[in-house]
């Protein structure tokens, strides 16, 4: 989430009713009063009602003055009596509104405080989403309608907070589920790679009451924020581990030929296990690392010709064989998509191609599954 988005959301309270300080001097004494947002709202309601009452009563007075000589005295008395009853009724309603507004001043201030506390909880949550691809656009706040009355704007901001929490939950859950599917496509158990992607007060707290007290919000809102944070933590864990798994493609603009599994050996025509995926292409076609890691071997292996091997950690290793030349050295750290070699025809080979292998915990895996999973991650 960008600082601009957070700043736009954070400035709503000061923009509607900024806190003001009033100083009254009497003789040698000076008294200071703080006008909170809630008190300013109550004062605005009272002043609006008073102005309305004065305008109406003044209008009636002018009306009577203009028509005093035109109507009968009896009719004027009747109209005056009706107007007095109407004004008395307006006064009673004004008194009721004044009493109700005064009684509710605490609840209005509490509403403003609740919305402000919820905002702080959202800020904490959105910090956890910082740097997640697509999160900034998905969780951008909707601008508040400045034409709404102040009270409605407060409720509008509160509704926007509800929407953002719901959107955060949906975003994290959806992204995490797509990553889980990618793991399954690769033949991996996503639960083994979930882990904990983030550590914050939102994920460390196991009790909604404690979290609600910490954030100063109601338990329901605290639970929703915590759920969104936990979903995000799962998503981060899956994402972080996926970035270290060989989901990339070793070549671009080439053709996949022999796949993983038993095939007839091209030299002796007998059934033999083929433990990798072959790519046919032009001589010296660039070969790329399919995940970050450390070069564990550069040299010649029987049957494979020139070879580069990368240790990606977490039990994963990749092998690139039949190379024309290598562009890295043993012990070198490489990034995903970094060029490591050139396609060749060395070793036991019938033509220019790359033989690509993926190993997990000492056992060869089907590279086609990892390629499919990587393509899915890139598309989603």
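Residue numbers (our numbering): 6 to 385. C-beta: ideal position from N, C-alpha, C; glycine also. Here the structure is a predicted model, which is why all the values come from computation and not from measurement.
May I ask you to report which of helix, strand or coil DSSP gives residue 105? Bear in mind that the predicted position of residue 105 carries a pLDDT of just 47, short of 50, making it unreliable; the figure below should be weighed with that in mind. In this structure, residue 105 counts as helix in the three-state DSSP scheme.
Please determine if the segment 318-335 and the segment 237-244 are in contact, where contact requires at least 3 C-beta pairs separated by less than 8 angstroms. no
Counting C-beta neighbours from all protein chains within 10 Å, is the total for residue 295 16 or more, i.e. buried, or is it exposed? buried
For residue 323, which beta-bridge partners are listed by DSSP? 315 and 363
Considering only C-alpha positions, which residue in the set 352, 226, 187 and 190 is nearest to residue 173? 226
Buried or exposed (CB count within 10 angstroms, at least 16 for buried), residue 180: buried
Thinking C-alpha only, which one of 298, 163, 267 and 349 is nearest residue 289? 349
Same chain, Cβ closer than 8 angstroms to residue 269, five either side skipped, listed in chain order: 275, 276 and 277
Hey, out of 359, 261 and 291, whose CA is closest to residue 332's CA? 291
Applying the 10 Å Cβ sphere with the 16-neighbour rule, what's the burial state of residue 355? exposed
Secondary structure at residue 346, three-state DSSP: helix, strand or coil? strand
Return the Cβ separation of residue 352 and residue 310 in integer angstroms, given the expectation that the two are a contact with Cβ distance under 8 angstroms. 2 angstroms
Candidates 343, 168, 265 and 302: which alpha carbon is nearest residue 370's? 265
Between residue 187 and residue 378, how many whole angstroms is the CB-CB distance? I'm expecting something under 8 angstroms. 4 angstroms
Out of 230, 83 and 254, which one is the CA nearest neighbour of residue 171? 230
Sequence-distant residues of the same chain with beta carbon closer than 8 angstroms to residue 279, five excluded per side: 263, 264, 265, 266, 267 and 268
Quick one: Cα of residue 340 to Cα of residue 177, how far? 27 angstroms
For residue 189 and residue 160, I'd like the C-alpha separation in whole angstroms. 44 angstroms
Measure the alpha-carbon distance for residue 105 versus residue 232 and round it to whole angstroms. Any reading at residue 105 must be qualified, since the residue scores a pLDDT of 47, below 50, and its modelled position is unreliable; the value itself is stated next. One C-alpha to the other measures close to 38 angstroms.
Please look up how many angstroms separate the CB atoms of residue 286 and residue 258, rounded, as I've assumed it's under 8 angstroms. 7 angstroms
Quick check on the burial criterion: 16 or more other C-beta atoms within 10 angstroms. Buried or exposed for residue 169? buried
How far does the alpha helix (DSSP H) with residue 238 in it extend, from its first residue to its last? 224-247
Would you list the residues sitting across from residue 294 in a DSSP beta bridge? DSSP output for residue 294 lists no bridge partner at all.
Would a C-beta distance cut-off of 8 angstroms place residue 261 and residue 284 closer than the cut-off? yes
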